[in-house]
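Here the structure is laid out as structure tokens; the discussion comes afterwards.
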Amino acid sequence: MAYQGPSGYPGQGQPGYGQGQPGYQQGPGYSDQTQVPPQGYPGQAQPGYGAQPGYQQAQPGYPAQQQGYQNQPQGYGQGQGYAVNPSMYSDWGTRVGAYLIDASPIIAGWIVFLILAAIVGNGFFTLFLYFLLFVGSIGWSVYNRWILGGQGQTFGKQKLNIKLISEETGQPIGTGQAFLRDLCHVLDGFFCIGYLFPLWDEKRQTFADKILKTVVVPANQ
71 MAYQGPSGYP
81 GQGQPGYGQG
91 QPGYQQGPGY
101 SDQTQVPPQG
111 YPGQAQPGYG
121 AQPGYQQAQP
131 GYPAQQQGYQ
141 NQPQGYGQGQ
151 GYAVNPSMYS
161 DWGTRVGAYL
171 IDASPIIAGW
181 IVFLILAAIV
191 GNGFFTLFLY
201 FLLFVGSIGW
211 SVYNRWILGG
221 QGQTFGKQKL
231 NIKLISEETG
241 QPIGTGQAFL
251 RDLCHVLDGF
261 FCIGYLFPLW
271 DEKRQTFADK
281 ILKTVVVPAN
291 Q
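Using the working numbering, the letters of the sequence shown map in sequence onto residues 71 to 291.
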């Protein structure tokens, strides 16, 4: 009688030797199954590597110019070094018209004063009218030229749609600066050269404008 060895030897292989053990011949990822690479490596891009926001697409504002710089008018409110375009500034005729509108209440007051002084002919009454006219003129200048003007528009500038701003900031100059600007108009009064200067100046500035660094521009800018 032939000797038979232990079960599975030599006629049958023991489990794990003759037949493939799980994970060797038929295990996942070896001979009979197709291994699927992890998402994003190496066949597909993993989320966050292939198309991260801000790497393949331009970030907001780069290289495009940021809002507030593309459409801002050049020549004032942006510092030095920008091209000057005279059409950005109010012309001489419009400025003269605004000044005449601002001065019209005072002119009207003087006309009334002269008529009443001539009719009445009384020295005390004339002096009283002159005092009223002087106080009224000062009050009108404080309110219209310095308060409203410091906010950007006197009464005349409102009517003609222009405004006074700082050349450096592009903002209204305030009451104090408006007062100093009127004081500097004394220089413009010498032979009226300063008042005529906007006719040929590239920024249409008077001497007072150049000293205080102010410009007069259309109100819709």
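Beta carbons: idealized from backbone N, C-alpha and C, even for Gly.
Give me, in chain order, the residues of the same chain whose beta-carbon lies closer than 7 Å to that of L230; leave out the 5 immediate sequence neighbours on both sides. Within the sequence shown, numbered from 1, the residue matching residue 230 stands at position 160. Hits under 7 Å: T164, G167, A168.
Is K280 helix, strand or coil when you go by DSSP? For the purposes of this step, residue 280 is identified with residue 210 of the sequence shown, where counting begins at 1. Looking at K280 - three-state DSSP - the assignment turns out to be helix.
Which residues DSSP lists as bridging I235, in chain order: Position 165 of the sequence shown, counting from 1, holds the residue named residue 235. DSSP lists V285 as the beta-bridge partner residues of I235.
Contacting residues, own chain, Cβ-Cβ under 7 Å from L269 (five flanking each side not counted): Numbered from 1 along the sequence shown, position 199 holds the residue referred to as residue 269. Excluding positions up to five away in sequence, the list reads W162.
Can you tell me the Cβ-Cβ gap for C53 and L282, rounded? I've got them flagged as a contact below 8 Å. Lying before the first or after the last residue shown, residue 53 is absent from the chain, which here runs from 71 to 291.
Is W210 helix, strand or coil by DSSP? In the sequence shown, counting from the first residue as 1, residue 210 sits at position 140. Helix, per DSSP.
Check this for me: beta carbons of I176 and W210, under 8 Å apart or not? Locating residue 176 in the sequence shown gives position 106, counting from the first residue. Locating residue 210 in the sequence shown gives position 140, counting from the first residue. Yes, the pair counts as a contact, with Cβ atoms nearer than the cut-off.
For the candidate residues I181, T224, L234, F260, whose alpha-carbon lies nearest to that of I171? Here residue 171 is taken as the residue at index 101 of the sequence shown, counted from 1. Of the listed residues, the one whose Cα sits closest to I171 is T224.
Judging by CA-CA distance, which residue of K280, Y200, V287, G219 is the nearest neighbour of L257? Position 187 of the sequence shown, counted from the first residue, corresponds to residue 257. Nearest to L257 by C-alpha distance, out of K280, Y200, V287, G219, is K280.
Distance between beta carbons of F260 and F267, contact taken as under 8 Å: Position 197 of the sequence shown, counted from the first residue, corresponds to residue 267. Position 190 of the sequence shown, counted from the first residue, corresponds to residue 260. Actually they are not in contact, since the Cβ atoms of F267 and F260 sit about 11 Å apart, beyond 8 Å.
Our contact map puts S160 next to P242 with C-beta atoms below 8 Å; I'd like the distance itself, whole angstroms only. The residue you call residue 160 lines up with position 90 of the sequence shown. The residue you call residue 242 lines up with position 172 of the sequence shown. So it is not a contact: roughly 15 Å between Cβ atoms.
With a threshold of 16 other CB atoms inside 10 Å of the CB of A188, please say whether the residue is buried or exposed. Counting from 1 along the sequence shown, the entry for residue 188 is found at position 118. Exposed, since its Cβ has fewer than 16 Cβ neighbours within 10 Å.
Using 10 angstroms around the beta-carbon of N51, count the other beta-carbons present and answer buried if the total reaches 16, otherwise exposed. This structure does not reach residue 51, given that the chain is present from 71 up to 291, and the question cannot be answered.
For the alpha helix (DSSP H) that contains G163, what are its first and last residues? Taking the sequence shown and counting its residues from 1, one reaches residue 163 at position 93. That run of the alpha helix (DSSP H) goes 162-190.
I'd like to know whether the C-beta atoms of G220 and Q247 end up nearer to each other than 8 Å. On the sequence shown, residue 220 is found 150 positions in, with the first residue counted as 1. On the sequence shown, residue 247 is found 177 positions in, with the first residue counted as 1. By the CB criterion at 8 Å, G220 and Q247 fall inside the cutoff.
Which residues in the same chain as G179 place their Cβ atom closer than 8 Å to its Cβ, once the five residues preceding and following it in sequence are excluded? The count along the sequence shown starts at 1 and reaches residue 179 at position 109. Excluding positions up to five away in sequence, the list reads L203, G206, S207.
Buried or exposed by the 16-neighbour rule on C-beta atoms within 10 Å, applied to I185: The residue labelled residue 185 in the question sits at position 115 within the sequence shown. Per the 10 Å Cβ criterion, exposed.
Please classify N290: does DSSP put it in a helix, a strand, or coil? Indexing the sequence shown from 1 puts residue 290 at position 220. In this structure, N290 counts as coil in the three-state DSSP scheme.
Provide the residue span of the alpha helix (DSSP H) that contains Q302, from first to last. Residue numbering for the chain in the displayed model covers 71 to 291; residue 302 lies beyond these limits and cannot be assessed.
Distance, Cα to Cα, G193 vs A173? For the purposes of this step, residue 193 is identified with residue 123 of the sequence shown, where counting begins at 1. For the purposes of this step, residue 173 is identified with residue 103 of the sequence shown, where counting begins at 1. In a straight line, the C-alpha of G193 is about 27 Å away from that of A173.
With DSSP run on the structure shown, which of helix, strand or coil describes Y94? What you label residue 94 is simply residue 24 of the sequence shown in a count that begins at 1. Below a pLDDT of 50, predicted positions are generally treated as unreliable, and Y94, at 44, falls in that range; the measurement from the model is reported next regardless. Three-state DSSP puts Y94 in coil, outside helix and strand.
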